[in-house]
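One structure is given below, encoded as structure tokens.
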Amino acid sequence: MKGGVDKIRESLAGLATLAGRVAAEQAEEIAAIAERYETTLRGGGTLFFAGNGGSAADAQHLATEYVVRYQTTRPAMRAVALTTDTSLLTACANDMGFEEVFARQVEALAEPGDLLILHSTSGESPNVIRAAQSAKARGVGVVALLGRTGGQLKHFADIVLIVPATDTARIQELHLAIEHVICDLVEDRLKG
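When you read off a place in the sequence shown, starting at 1, and then add 1, the result is the number in the working numbering.
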């Protein structure tokens, strides 16, 4: 079991180091994202979240934090995960291609004043890139939380935050931690 304990310590220490680096180097970007969420919500806009795999689960998690509550009971905030409607996702993937599953929803639901938040560990997934392009074409703002070097998606976002790591799990863990910090800031500012 000694090896297991060492691996636990190494993994958590690595995560803490990465979190510290992001806090030191990108606190301004995180604050700018929080301000953008706040501005969107104050203006009556909707936060739309999307991503693939674990990032899709994070999209659902985060939309729930805004609609229901994070730390404080307060009025509901407008947030939608574009990852939850299996009938829509599978119909669109089958009929139009998987790269359109989020873009089509952006076309149908988003309007100027809304904000699309995309999580991608690579920034290269065609469906998140197409979603960003669709949002930009509609005058909808785009925030991207990315990993590695940011990939192509970084070129289609108004605000970009890149977790400087290559391990998918570490990137997703930091994305969720960062989003919780943002949610805490937004909830505190808008609670009434």
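We put the CB at the ideal spot given by N, CA and C, even for glycine. These numbers come from a predicted model, not from an experiment.
Given a cut-off of 7 Å, decide if residue j and residue i are closer than it, judged by their beta-carbon atoms.
{"i": "L175", "j": "A35", "result": "no"}
{"i": "V129", "j": "L117", "result": "no"}
{"i": "K155", "j": "R75", "result": "no"}
{"i": "L19", "j": "A166", "result": "yes"}
{"i": "A135", "j": "E112", "result": "The question names Ala, but residue 135 in the sequence shown is Ser. Their beta carbons are not under 7 Å apart, which means S135 does not touch E112 by this criterion."}
{"i": "G124", "j": "G151", "result": "yes"}
Can you tell me which of the options puts its alpha carbon nearest to the alpha carbon of residue i?
{"i": "T169", "options": "G15, D7, H62 and T122", "result": "T122"}
{"i": "R43", "options": "L177, D115 and V164", "result": "D115"}
{"i": "L196", "options": "G140, K137, R139 and Q173", "result": "A query on residue 196 cannot be resolved here, the shown segment of the chain reaching from 2 to 193 and no further."}
{"i": "T87", "options": "Q72, Q106, R70 and A145", "result": "Q106"}
{"i": "E29", "options": "I163, D189 and E188", "result": "I163"}
{"i": "G55", "options": "G45, E188, R190 and R171", "result": "R171"}
{"i": "A33", "options": "R190, E188, V161 and D189", "result": "V161"}
Taking its Cβ as the centre, do 16 or more other Cβ atoms sit within 10 Å of residue i, making it buried, or is it exposed?
{"i": "M78", "result": "buried"}
{"i": "L83", "result": "buried"}
{"i": "D7", "result": "exposed"}
{"i": "E101", "result": "buried"}
{"i": "I183", "result": "buried"}
{"i": "T41", "result": "buried"}
{"i": "S12", "result": "exposed"}
{"i": "R236", "result": "The shown model of the chain, from 2 to 193, leaves out residue 236, and the question about it has no answer."}
{"i": "V69", "result": "exposed"}
{"i": "A57", "result": "buried"}
{"i": "E66", "result": "buried"}
{"i": "I9", "result": "exposed"}
Closer than 8 Å by C-beta to residue i: which residues in its own chain qualify, once you throw out the five before and the five after it? Chain order, please.
{"i": "V81", "result": "T47, L48, F49, F50, A64 and L110"}
{"i": "D59", "result": "F50, G52, H120, Q173, H176, L177 and E180"}
Please state the DSSP three-state secondary structure of residue i.
{"i": "T83", "result": "It should be noted that the sequence gives Leu, not Thr, for residue 83. It is coil, neither helix nor strand."}
{"i": "F99", "result": "helix"}
{"i": "D115", "result": "strand"}
{"i": "A138", "result": "helix"}
{"i": "A77", "result": "coil"}
{"i": "G5", "result": "helix"}
{"i": "A170", "result": "helix"}
{"i": "V69", "result": "coil"}
{"i": "A132", "result": "helix"}
{"i": "A158", "result": "coil"}
{"i": "G55", "result": "helix"}
{"i": "S121", "result": "strand"}
{"i": "G46", "result": "coil"}
{"i": "G148", "result": "strand"}
Among the residues of its own chain, which have a CB less than 7 Å from the CB of residue i, if the five just before and after it don't count?
{"i": "S126", "result": "N53"}
{"i": "Q61", "result": "A82, T84 and T85"}
{"i": "A94", "result": "V102"}
{"i": "K137", "result": "V143 and F157"}
Spatial neighbours of residue i within its chain, please: CB distance less than 6 Å, with the 5 preceding and 5 following residues excluded, ordered by chain position.
{"i": "F103", "result": "A51, L83, N128 and A132"}
{"i": "G142", "result": "L116 and D159"}
{"i": "L89", "result": "none"}
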